[in-house]
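S.K.: Taken in order, these protein sequences are the chains called W and S. Heads up, the first sequence is in my numbering, so the first residue is 8 and it goes up one at a time. Heads up, the second sequence is in my numbering, so the first residue is 8 and it goes up one at a time. Pasting a structure below so you can have a look.
2 protein chains.
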Amino acid sequence: MFKVTFSFEDGSQVETYANAGDNLLEVARGANVAIDAPCSGNASCGKCRVQLRDGELDSKKTLHITEEEYAAGWRLACVSLVSGDVNVLVPDISSAYKSRMKVADLSSPEEIAIFENAKREITLAGIELRNSLDVVEVDMEEPSLDDTMPDNERLTRALRKFMNLDRVRVPYAVLRKLPDVLRDNHFKVKCVLRATPNDMFVYDVFGADTDVVIGGLAIDIGTTTVSAVLINMETGEILAKGSSGNGQIRFGADVINRIIESRRPGGVRKLQDAIIKETINPIIHEMCKSARINRNQIYRMCVASNTTMNHLFAGINADPLRMEPYIPAFFKTNSLFAGELGIDINKDAHIIIAPNIGSYVGGDITAGTLVSMIWNRPEFSLFIDLGTNGELVFGNSDFMMSCACSAGPAFEGGDISCGMRATDGAIEACTIDKETMEPTYKVVGEPGTKPVGLCGSGLIDVISELFMTGIINPKGKFVREGKRVRHDKYGMGSYVIAFEEEAASVKDVEITEVDIDNFIRAKGAIFSAIRTMLSSLDFDVSMIDDVYVAGGIGSGINMQNAVYIGMFPDIPLEKFHYIGNSSLSGAYLMLLSTPAEKKTYELAQNMTYLELSTVPTYMDEFVGACFLPHTDTTMFPRVEKELASRQ
Amino acid sequence: MFKVTFSFEDGSQVETYANAGDNLLEVARGANVAIDAPCSGNASCGKCRVQLRDGELDSKKTLHITEEEYAAGWRLACVSLVSGDVNVLVPDISSAYKSRMKVADLSSPEEIAIFENAKREITLAGIELRNSLDVVEVDMEEPSLDDTMPDNERLTRALRKFMNLDRVRVPYAVLRKLPDVLRDNHFKVKCVLRATPNDMFVYDVFGADTDVVIGGLAIDIGTTTVSAVLINMETGEILAKGSSGNGQIRFGADVINRIIESRRPGGVRKLQDAIIKETINPIIHEMCKSARINRNQIYRMCVASNTTMNHLFAGINADPLRMEPYIPAFFKTNSLFAGELGIDINKDAHIIIAPNIGSYVGGDITAGTLVSMIWNRPEFSLFIDLGTNGELVFGNSDFMMSCACSAGPAFEGGDISCGMRATDGAIEACTIDKETMEPTYKVVGEPGTKPVGLCGSGLIDVISELFMTGIINPKGKFVREGKRVRHDKYGMGSYVIAFEEEAASVKDVEITEVDIDNFIRAKGAIFSAIRTMLSSLDFDVSMIDDVYVAGGIGSGINMQNAVYIGMFPDIPLEKFHYIGNSSLSGAYLMLLSTPAEKKTYELAQNMTYLELSTVPTYMDEFVGACFLPHTDTTMFPRVEKELASRQ
């Protein structure tokens, strides 16, 4: 066995042992060291770079590492085999878009506003903000030799009288603490209950003097990013907010690679552990600490996620999702409880899953559709969720159609050499001076935070600015020269947004023609999906009344720039509305309001699904959209006019 | 740290480490070495004998160890402190009444007959042998691109159509295996279901070609002994039978000591582990192996036990049971499931608990009352369960009264120097020749098995024979001399049933005056309880029509001898019926038949409870009964006549 040491830029290290010939990326995965490998180790994405500090690796050379870089010790982990003791640096950028859990007890006003808006709009639509959880105070007679009723019956009778319900269930967890809680509090207690017209379930029991908060957890499990809010189920107040990279990222960037990994022996369990034990539970612990609430006082959880994510979350074989006829194990299920899944909240807590409507349109979209309110308006609205998969819903109060396209992880920083999630160090907005070609950018984090990479909203800005200033052409190739424009020996151009000395990274923050190409394919997938779905309904983009854009790609999205690059149709800007992470706010509404939960099931049931791959024109639409803004410039008259005015 | 080695007669050893001054009995408990200590380490019972083989112990001398024994290295573990490396022999007799799991796939015809009888009698009483578990075959259409219903809905719809029930629950365990089972079997499966008028619960799913047995587990958790049967829930057939000592025995012989131990830090968990992990799960594993059934195919379990045992089994604070006003946490509960308790059967399996009717009359008695059938007859019957606690029920189809008396563990071999459970090596029957004073005995086990000690039925025989042959007087003192009668230096007499060379033990199998005294108190407790309860109802023993005696004290009980010693009233012998372990056969009926389960709840609800300690005459009755057969010999005219005829 050889000693393998992973060093990080912050000076920390992880040590493990491996045999000669072991693949370094696998060794890292085994040691829970996150090295981004969106292609899951096929040597195709070039993201799993590490730098030798000490010792040797038996590495293949690849196009992703230049001769100079190779000489400087850079290697791709996925093509490196252990051949002795070795110490490698894992640069921040290689682990930037996983990790970095962020928890706050008070979110920014903009973030809070998203939930407040969601509540207001759903209430205006006549959907009540009520759920079945409640706290009640129960005052019992103490037992005596003349009144020897056992503890559980004593409580049950008191509750029955109180709630006028016949069937009361006292689960094991409550039965177990009952003798002590009753006697410590002279038989005066508070109970956390779920009361439905048929029965009552006692989740918990406390002394009557205790301040009892009924906690609830809404969570958006994205393929790349996981976001959650801890809420007070009585008031809807956000008690804490947290997010983190999805720990499954080390098994591949997209759902297909994850499913393939899950088919290996023990794979389903590994993928489930990566999301629950490594990602969700740590977020829960931090949020509970921040909100000063006991995790056993979280009595309900709502999960919104795509179909693959909710299957892997539940530890259920997702393989049928990717193979004809693409059948999920469930659209909706009532069978998940925290204890069985190993989620660190009250073990009897029910896990609500936002319903899937197919293998490629999941609960993230049904929850998002709820929040978008498009089902409540006569106008024709388009709802777009920008994630690793792009999903669209088009319709109004009479009909809704959905479709999904594989945008890839570019909007969340994947498949981009300097891409990262929208966490500290991410460039989230950027302008470029037409004359000097110098960039001005905004970085996520405390003022003064140095840039590490680019998140989705930053990418849109950079590419749009490069295009509108004529630095790149409609094909995404560099056509101007300057201090920040470089070409490697193969002639591939790149633009440096922050030189190494300006950045908090071991290398320049730059964008290459390969990155731009990847991004153009992502935006092309979205635009062609919009066109194809609308055509199938005999609609045209001009007939769209409103566009609701969702996704956790930054603090917002510059809609103008998104239109300039041809990601969104060239319609008046005022029609665009950014609604934030609607998967999370939708989960929040479903958690807080049982009628909203029911509404979501109803929406899911009534939504038709268009499988884009079955539409013959989709491929042509896609190819046409892989230009800036499009091969058919007549579709983007305003962009053409602006380009002309700037020349 | 010193090394402490526990050696056993079979040559095996257990090694552990301890600090100077650690109590040897505690060290043994920590190492899971069972040394009987019915008094829980108070130096009062004298049962925790060990013999030094090597090294030293810092031991107090006690009356329980003679000078010769002390010189031979005998010590009481409870008064011995570790003072260096040491190796002690734990004689079989010291661990005989714990341990020795016994599992058989086919029980003896007598044992089978007990369950067959129970089934026949309950059926005659009009109670059907049906339960809610069932296996059904489900044949579904395979999904296609035109029929993309998810797996759980496909199954649910098929079942709904089939059973005409609306609410179908597919729990997590089934959801998880569903995609694979459906596809491996072309969507033709068998389901194990629980169908009630309201809903259906799918316990399991298999390929349609699988032979599916619905397993069920009935278990009697005695304070001393645990017995179980694994059954086929469709036919009632006994697939395997198992028994073992209760692993909690190392925490004390009686319920009070167990409760006290459970109040130490971590105690509830320790006691629960001792019964579930150390006792019940190993029996389950062995029974499943013997019956060739997967333990996940045990879908229901019924537990009959006294109130303390079912509280400790459930890991619930039992302290209120022993303190005024003696309130259990539950009489009955629907809240226990195998997965939560860590019982190694299907994790969704429901645990039925035979209902308690108070702190001192528990589910073992309500289940036993069901089997005794006394509730179904106009005649006045007395039901007696001889266990560590003695419990009585008296009544008929119109009324029933119950009471409990603390007999102590004597009937199961506790508190008796050579006492043991009715397992291999136990003398279960005995006669003594009046002239030669030589014994003839029957030993549990294969023919030729040498005696190790005395079980309950053997004790009754030996004491009755000693009394009827005039070897001991009515006070239990030795009054004849002979080869087998000995007196120690304090004058205490004893009778040797098997000398060391005849026995499979390191010392003589004998019965001492102290043993006889302990046993007389136990039988006195039973007899005085009978008298007291009957008096409270203005009944006399002559008005008893039938006596049903239950308890696992041996292959049977010599009723004549039990009357000779004044344990049972002197009424015609044909009125006595031994019904075996009625707690187990009652659990079996409750498991197999939902109407029988309901009947038991009804019996429990209608049974009144007499607290003997509140009856002023009970103590006088008890003192009077502490003779052979009684101080008032007019109560035993037949015994007097027999004694006279033998003189």
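Cβ atoms here follow ideal geometry from the backbone N, Cα and C, with glycine treated the same way.
Under the rule that 16 or more other beta-carbon atoms within 10 Å means buried, what is Glu-419 (chain W), buried or exposed?
M.R.: Here residue 419 (chain W) refers to the residue found at position 412 when the first sequence is read from its first residue. Burial call: buried.
S.K.: What does Ile-334 (chain W) reach in chain S if we use C-beta pairs closer than 7 Å?
M.R.: For the purposes of this step, residue 334 (chain W) is taken as residue 327 along the first sequence, with counting starting at 1. Correct list: Pro-150, Thr-155, Pro-157 and Asp-158.
S.K.: Classify Ala-193 (chain W) as buried or exposed, calling it buried when 16 or more other Cβ atoms lie within 10 Å of its own Cβ.
M.R.: To locate residue 193 (chain W), count along the first sequence from 1; it is residue 186. At residue 193 (chain W) the sequence reads His, which differs from the Ala that was named. Exposed is the call here.
S.K.: I'd like the list of long-range same chain contacts for Lys-482 (chain W), defined as Cβ closer than 8 Å, with 5 residues on each side in sequence excluded.
M.R.: Mapped onto the first sequence, residue 482 (chain W) falls at position 475. Once the five neighbours on either side are set aside, the close Cβ partners of Lys-482 (chain W) are Phe-634 and Leu-635.
S.K.: DSSP three-state call for Ser-600 (chain W): helix, strand or coil?
M.R.: Along the first sequence, one-based indexing puts residue 600 (chain W) at 593. Residue state, collapsed to three classes: coil.
S.K.: Please report whether the beta-carbon of Phe-258 (chain S) lies at a distance below 9 Å from any beta-carbon of chain W.
M.R.: Reading the second sequence from its first residue, position 251 is the one you call residue 258 (chain S). Any Cβ of chain W closer than 9 Å to the Cβ of Phe-258 (chain S) would place that residue at the interface, and such an atom is absent.
S.K.: Around the Cβ of Thr-203 (chain S), are there at least 16 other Cβ atoms within 10 angstroms (buried) or fewer (exposed)?
M.R.: Within the second sequence, residue 203 (chain S) is the residue found at index 196, counting from 1. Label assigned to Thr-203 (chain S): exposed.
S.K.: Based on Cα-Cα distance, which residue from W:Met-427, W:Glu-331, W:Ile-287 and W:Ile-586 lies nearest to Thr-621 (chain W)?
M.R.: As a first step, residue 621 (chain W) is located in the first sequence; it is residue number 614 there, counting from the start. When only C-alpha atoms are compared, the closest one is W:Glu-331.
S.K.: Does the segment 342–357 of chain W touch the segment 306–324 of chain W, meaning 3 or more C-beta pairs lie closer than 8 Å?
M.R.: Per the Cβ contact rule, the segment 306–324 of chain W is in contact with the segment 342–357 of chain W (3 or more Cβ pairs under 8 Å).
S.K.: Among W:Ile-578, W:Pro-576 and W:Asn-565, which one has its Cα closest to the Cα of Ile-586 (chain W)?
M.R.: As a working mapping, residue 586 (chain W) is identified with position 579 in the first sequence. With distances taken between Cα atoms, Ile-586 (chain W) lies closest to W:Asn-565.
S.K.: Quick check: the segment 435–450 of chain S against the segment 465–479 of chain S, are there 3 or more CB pairs under 8 Å?
M.R.: yes
S.K.: Do Asp-431 (chain W) and Val-451 (chain W) have their CB atoms nearer than 9 Å?
M.R.: To locate residue 431 (chain W), count along the first sequence from 1; it is residue 424. To locate residue 451 (chain W), count along the first sequence from 1; it is residue 444. Yes.
S.K.: At a cut of 8 Å, does the segment 117–131 of chain W reach the segment 55–68 of chain W through at least three beta carbon pairs?
M.R.: no
S.K.: Tell me which same chain residues have a C-beta within less than 8 Å of the C-beta of Ser-600 (chain S), skipping the five on either side of it?
M.R.: Here residue 600 (chain S) corresponds to residue number 593 of the second sequence, with the count starting at 1. Cβ neighbours of Ser-600 (chain S) beyond the five flanking positions: Ile-129, Ile-134, Glu-135, Leu-136, Arg-137 and Asn-138.
S.K.: Is the shortest distance between the beta-carbon of Ile-323 (chain W) and the beta-carbons of chain S less than 9 Å?
M.R.: Indexing the first sequence from 1 puts residue 323 (chain W) at position 316. Taking Cβ atoms only, chain S reaches closer than 9 Å to Ile-323 (chain W), which makes this a yes.
S.K.: Per DSSP, which one or two residues make a beta bridge with Pro-446 (chain W)?
M.R.: For the purposes of this step, residue 446 (chain W) is taken as the residue at position 439 of the first sequence. W:Ile-439.
S.K.: Is Asp-351 (chain S) close to chain W, meaning its C-beta is less than 9 Å from at least one C-beta of that chain?
M.R.: The sequence position of residue 351 (chain S) within the second sequence is 344, counting from 1. No, Asp-351 (chain S) does not count as interfacial toward chain W.
S.K.: Going residue by residue through the segment 485–544 of chain S, where are the continuous beta strand (DSSP E) segments of at least 3 residues, counting only ones entirely within it?
M.R.: 492–494, 500–505 and 516–519
S.K.: Using the Cα positions of Val-97 (chain S) and Val-89 (chain W), report the straight-line distance between them to the nearest angstrom.
M.R.: Your numbering for residue 97 (chain S) matches position 90 in the second sequence. Your numbering for residue 89 (chain W) matches position 82 in the first sequence. Looking at the two C-alpha atoms, the distance is approximately 54 Å.
S.K.: Whose CA, out of W:Arg-167, W:Glu-398 and W:Asp-577, lies closest to the CA of Gly-664 (chain W)?
M.R.: Absent from the model: residue 664 (chain W). The displayed extent of chain W is 8 to 654, so no value can be given.
S.K.: On the CB-based measure, 16 or more other CB atoms within 10 Å of its CB, does His-357 (chain W) come out buried or exposed?
M.R.: Within the first sequence, residue 357 (chain W) is the residue found at index 350, counting from 1. Buried.
S.K.: Enumerate, from N- to C-terminal direction, the unbroken beta strand (DSSP E) stretches of 3 or more residues contained entirely within the segment 296–365 of chain S.
M.R.: 305–312 and 357–360
S.K.: What runs of the beta strand (DSSP E), each 3 residues or longer, lie entirely inside the segment 571–596 of chain S?
M.R.: If we require 3 residues or more, the beta strand (DSSP E) runs fully inside the segment 571–596 of chain S come out as 583–585.
S.K.: On a CA-only basis, which of W:Thr-230, W:Pro-289 and W:Val-236 is nearest His-318 (chain W)? Give me that one, please.
M.R.: Position 311 of the first sequence, counted from the start, is the residue given in the question as residue 318 (chain W). Comparing Cα-Cα distances from His-318 (chain W) to each of W:Thr-230, W:Pro-289 and W:Val-236, the minimum goes to W:Thr-230.
S.K.: Does any C-beta atom of chain W lie closer than 9 Å to the C-beta of Tyr-179 (chain S)?
M.R.: Counting from 1 along the second sequence, the entry for residue 179 (chain S) is found at position 172. Chain W contact via Cβ: present.
S.K.: I need the straight-line Cα distance from Leu-200 (chain W) to Val-145 (chain W), nearest angstrom please.
M.R.: The residue labelled residue 200 (chain W) in the question sits at position 193 within the first sequence. The residue labelled residue 145 (chain W) in the question sits at position 138 within the first sequence. Going from the Cα of Leu-200 (chain W) to the Cα of Val-145 (chain W) covers about 12 Å.
S.K.: Kindly confirm or deny that the segment 67–85 of chain S and the segment 25–33 of chain S touch, where touching means at least three C-beta pairs closer than 8 Å.
M.R.: yes
S.K.: Using a beta-carbon distance below 9 Å, is Leu-343 (chain S) in contact with chain W?
M.R.: Position 336 of the second sequence, counted from the start, is the residue given in the question as residue 343 (chain S). Yes - at least one Cβ of chain W is within 9 Å of the one on Leu-343 (chain S).
S.K.: According to DSSP, what are the bridge partners of Met-147 (chain S)?
M.R.: By 1-based counting over the second sequence, the position of residue 147 (chain S) is 140. In the DSSP output, where bridge partners are listed per residue, Met-147 (chain S) has none listed.
S.K.: Exposed or buried, Gln-279 (chain S), counting other C-beta atoms within 10 Å across all chains shown (16 or more means buried)?
M.R.: For the purposes of this step, residue 279 (chain S) is taken as residue 272 along the second sequence, with counting starting at 1. Buried, by the Cβ-count rule.
S.K.: Can you tell me where the beta strand (DSSP E) with Leu-399 (chain S) in it begins and where it stops?
M.R.: Reading the second sequence from its first residue, position 392 is the one you call residue 399 (chain S). Note, Leu-399 (chain S): beta strand (DSSP E), 397–402.
S.K.: Return the residue from the list S:Thr-641, S:Gly-593 and S:Phe-629 that minimises the CA-CA distance to Arg-127 (chain S).
M.R.: The residue given as residue 127 (chain S) occupies position 120 in the second sequence. Arg-127 (chain S) has its Cα closest to that of S:Gly-593, out of S:Thr-641, S:Gly-593 and S:Phe-629.
S.K.: From the DSSP output, read off the bridge partner residues of Arg-82 (chain W).
M.R.: One-based indexing of the first sequence puts residue 82 (chain W) at position 75. Arg-82 (chain W) is bridged to W:Val-57.
S.K.: Using only CA atoms, which one of S:Glu-74, S:Lys-68 and S:Asp-92 lies nearest to Met-8 (chain S)?
M.R.: As a position in the second sequence, residue 8 (chain S) is number 1, starting the count at 1. The shortest CA-to-CA distance from Met-8 (chain S) to any of S:Glu-74, S:Lys-68 and S:Asp-92 is the one to S:Asp-92.
S.K.: Along chain W, which residues have their Cβ under 8 Å away from the Cβ of Gly-365 (chain S)?
M.R.: Counting from one through the second sequence, the residue named residue 365 (chain S) turns up at place 358. Near Gly-365 (chain S) (Cβ distances below 8 Å), the residues of chain W are Thr-155.
S.K.: Under 6 Å Cβ to Cβ from Gly-274 (chain S), same chain only, skipping five residues before and after it: list those, please.
M.R.: For the purposes of this step, residue 274 (chain S) is taken as the residue at position 267 of the second sequence. Correct list, in chain order: Glu-268.
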